[in-house]
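**Q** In my numbering, the protein residues as written are 7 to 509.
I have a structure I would like to understand better, so I am pasting it below and will then ask my questions one at a time.
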């Protein structure tokens, strides 16, 4: 296992984004948290320090908590190839998909337990009785029993799921159930993801959020975005060396120096050419290949636009054994396209050696995009959608999972009802490329919604409220706005949904 260093950030910088009233409320909650959680360490444990949405969220969420004076620490578990094959199999099945078609039988249970035992021995060397441990996703849930025996308070956060149970999902939940039932509390992104057998007293609904000031989301001029994309090799031309700067997570200056590995016949001709972008991991559920075919099949309707499928270097994402195969499959399908389609489609692998530099490249890709796509077949929440919305970009996305909680079709973006329908996806992209007024309107609405509902302060307040409850010290209700108290008193959902109005 490894201990991940955490930067220190101040929420004071967020005041211009979230507003003065929300900033004051946030500071009051943080002040109370320091008193309530005094003497307790809050540990977050996941399976990777880079390459996925959970790692990216933790980098900034924990940095703000540390900057506020809370004792928060981050551990990353270890695992071998078979272990990550098992956890990826569980990942797919929680989404209702069979994945690699492998078993979740006696061998898988035993190997999962062996790896978990080794990780547990290392965890117990640092976690103390009374500490609060937040475990993220199936890779870490096996630590629950040993942590409870050690006297820790255990919260499991499941970032994935699907709305309707099927046989595949049921197999995954039966694998996880003995561990999940021992957690003091479980966090889900949507109420529909909570398994029916889980006690309603232990289930909490907290949607994820993004940090407006992270390297991936911070303000970036059009000129800087163009120069970064030119430097990495996606846009044709020459990059100005003095316009490749960004601000790192710890607020120190950074500079893009590395280049991307890009499968293409030639770069995009120039910055004036519209660029359609999907940013995601090379995961079959993200359906990069579906976007490729949706664009290629309707390229006659796309004007002179190009498509960029942008993901991390799959060799650098240690907990995703499928990444390289999915990328290679996309390359093979790209190679079979007609030359007229090949020259307008670009498969981009961003370097992961410097996480902040990688984030700056993603930021540039999303901000430069004429349209951002997220054609997921399944999606727990979809933070890449949130990122694009915050940047005011028009979005085309599948109507699945948490994406439909973010976008009202025709208001904040365009939703494709059937995530497998490449024709409908291509049609929605072409519509936005042709109707610039519609694209601008959707982008403006999307940004307003992202700021109102999906920024880090809202998530932090919800998480702290949950930690108070787990620690047996609930926050005083009169610290909440009147509207919030009414919402909490009036809810009739059988799940204990924590709902806050942070505007």
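Even for Gly, the Cβ is constructed at its ideal location relative to N, Cα and C.
Where in the region 415 to 487 do unbroken runs of the alpha helix (DSSP H), each at least 4 residues long, occur, reported from the N-terminal end onward?
**A** Runs found: 428 to 440, 442 to 459 and 462 to 476.
**Q** Short of 7 Å in beta carbon distance, which residues of its chain neighbour residue 13, apart from the five on each side in sequence? Order them along the chain.
**A** Result list for residue 13: 69, 255 and 256, in chain order.
**Q** Below 8 Å on the Cβ atoms is my contact criterion, and I expect residue 434 with residue 260 to pass it. Report the Cβ-Cβ distance as a whole number of Å.
**A** Actually they do not touch by this definition, with Cβ atoms about 35 Å apart.
**Q** In angstroms, rounded to a whole number, what distance separates the CA positions of residue 94 and residue 408?
**A** Going by the C-alpha atoms only, they are around 20 Å apart.
**Q** Nearest to residue 479 by alpha carbon, out of 46, 8, 300 and 19?
**A** Measuring from the Cα of residue 479, the nearest candidate turns out to be 46.
**Q** Rounded to the nearest angstrom, what separates residue 309 and residue 108 at their Cα positions?
**A** Going from the Cα of residue 309 to the Cα of residue 108 covers about 43 Å.
**Q** Would residue 101 pass as a contact of residue 193 if the rule is Cβ separation under 8 Å?
**A** Not in contact: residue 101 and residue 193 (Cβ atoms no closer than 8 Å).
**Q** Which first and last residues belong to the beta strand (DSSP E) in which residue 83 is found?
**A** Taken as a continuous stretch (DSSP letters only), residue 83 belongs to no beta strand (DSSP E), as it is neither H nor E.
**Q** Look up residue 253 in the DSSP assignment and say whether it is helix, strand or coil.
**A** Reduced to three states, the DSSP call for residue 253 is strand.
**Q** Kindly identify the DSSP beta-bridge partner or partners of residue 404.
**A** Looking at the DSSP assignment, residue 404 forms a beta bridge with 422.
**Q** So, at 7 Å on beta carbons, what are the nonlocal neighbours of residue 64 in its own chain, with the 5 sequence-adjacent residues on each side left out?
**A** Answer for residue 64: 50, 52 and 80, listed in chain order.
**Q** Can you give, in chain order, each stretch of the alpha helix (DSSP H) that sits fully within the region 368 to 405 and has at least 4 residues?
**A** If we require 4 residues or more, the alpha helix (DSSP H) runs fully inside the region 368 to 405 come out as 389 to 396.
**Q** With a Cβ-Cβ cutoff of 8 Å, do residue 220 and residue 426 count as a contact?
**A** The answer is no: Cβ separation not under 8 Å.
**Q** Check residue 103 in the structure and name its three-state DSSP category.
**A** Correct three-state label for residue 103: coil.
**Q** Suppose only complete runs of 3+ residues qualify. What are the beta strand (DSSP E) ranges in the region 289 to 327, listed by chain order?
**A** Correct list: 312 to 318.
**Q** In the DSSP assignment, find the unbroken alpha helix (DSSP H) run with residue 343 in it and report its ends.
**A** Careful: residue 343 lies outside any alpha helix (DSSP H) and carries neither H nor E.
**Q** When the Cα atoms are used, what is the spatial distance from residue 493 to residue 439?
**A** Model confidence at residue 493 stands at a pLDDT of 36, short of 50, so the residue's coordinates are unreliable and nothing is read from them.
**Q** Who are the Cβ neighbours of residue 133 in its own chain at under 7 Å, not counting the five residues just before and after it?
**A** Only 49, 139, 153, 156 and 158 meet the Cβ criterion.
**Q** Excluding the 5 residues preceding and the 5 following residue 337 in the sequence, name in chain order all residues of the same chain whose CB lies nearer than 8 Å to its CB.
**A** Counting only Cβ-Cβ distances below 8 Å, and skipping sequence neighbours, we find 269 and 353.
**Q** Could you check where the beta strand (DSSP E) with residue 1 kicks off and where it finishes?
**A** Residue 1 is absent from the model: the chain starts at 7 and stops at 509.
**Q** Taking the alpha carbon of residue 113 as the reference point, which residue from 316, 88 and 173 has its own alpha carbon closest?
**A** When only C-alpha atoms are compared, the closest one is 88.
**Q** Look at residue 91 and residue 327 and say whether their C-beta atoms are less than 8 Å apart.
**A** Yes. Within cutoff.
**Q** Give me the Cα-Cα distance between residue 235 and residue 459, rounded to the nearest whole angstrom.
**A** Cα to Cα, the separation comes out at about 30 Å.
**Q** Given a threshold of 16 other Cβ atoms within 10 Å of its Cβ, counted over all protein chains shown, does residue 424 qualify as buried or as exposed?
**A** Looking at its Cβ environment, which holds fewer than 16 other Cβ atoms inside 10 Å, residue 424 is exposed.
**Q** Could you name the residues of the same chain whose beta carbon sits closer than 6 Å to that of residue 208, not counting the 5 residues immediately before and after it, in chain order?
**A** These residues qualify, in order along the chain: 191 and 192.
**Q** Among residues of its own chain, excluding the 5 on either side of residue 347, which ones have a beta-carbon nearer than 7 Å to its beta-carbon?
**A** Excluding residues within five positions, the ones whose Cβ falls inside 7 Å are 302 and 305.
**Q** Flag this pair as yes or no: are the beta carbons of residue 54 and residue 325 separated by less than 8 Å?
**A** Their beta carbons are under 8 Å apart, which means residue 54 touches residue 325 by this criterion.
**Q** On a CA-only basis, which of 7, 340, 252 and 298 is nearest residue 123? Give me that one, please.
**A** Residue 7 is the option with its Cα nearest to residue 123.
**Q** In the DSSP assignment, find the alpha helix (DSSP H) that holds residue 181 and state where it starts and stops.
**A** Here the alpha helix (DSSP H) through residue 181 covers 173 to 186.
**Q** Does residue 3 come out as helix, strand or coil in the three-state DSSP assignment?
**A** The chain is shown from 7 up to 509; residue 3 falls before or after that span and cannot be answered.
**Q** Does residue 172 pass the burial test, meaning 16 or more other C-beta atoms within 10 Å, or should it be called exposed?
**A** By the 10 Å Cβ count, residue 172 comes out exposed.
**Q** Any idea if residue 150 is buried or exposed, counting beta-carbon neighbours within 10 angstroms, 16 or more meaning buried?
**A** Buried.
**Q** Could you give the residue range of the alpha helix (DSSP H) that holds residue 260?
**A** First-last for residue 260: 259 to 261, but that is the beta strand (DSSP E), not the alpha helix (DSSP H).
**Q** Distance, Cα to Cα, residue 319 vs residue 58?
**A** Approximately 12 Å, taken between the alpha carbons.
**Q** Please tell me whether residue 3 and residue 174 are closer than 8 Å, where the distance is taken between their beta carbons.
**A** The question about residue 3 has no answer here: the residues shown for the chain are numbered 7 through 509.
**Q** How big is the Cα-Cα spacing for residue 483 and residue 392?
**A** At residue 483 the pLDDT is 35, less than 50, meaning the model places this residue with poor confidence; the figure from the coordinates comes in the next sentence. Their backbone Cα atoms lie some 30 Å apart in a straight line.
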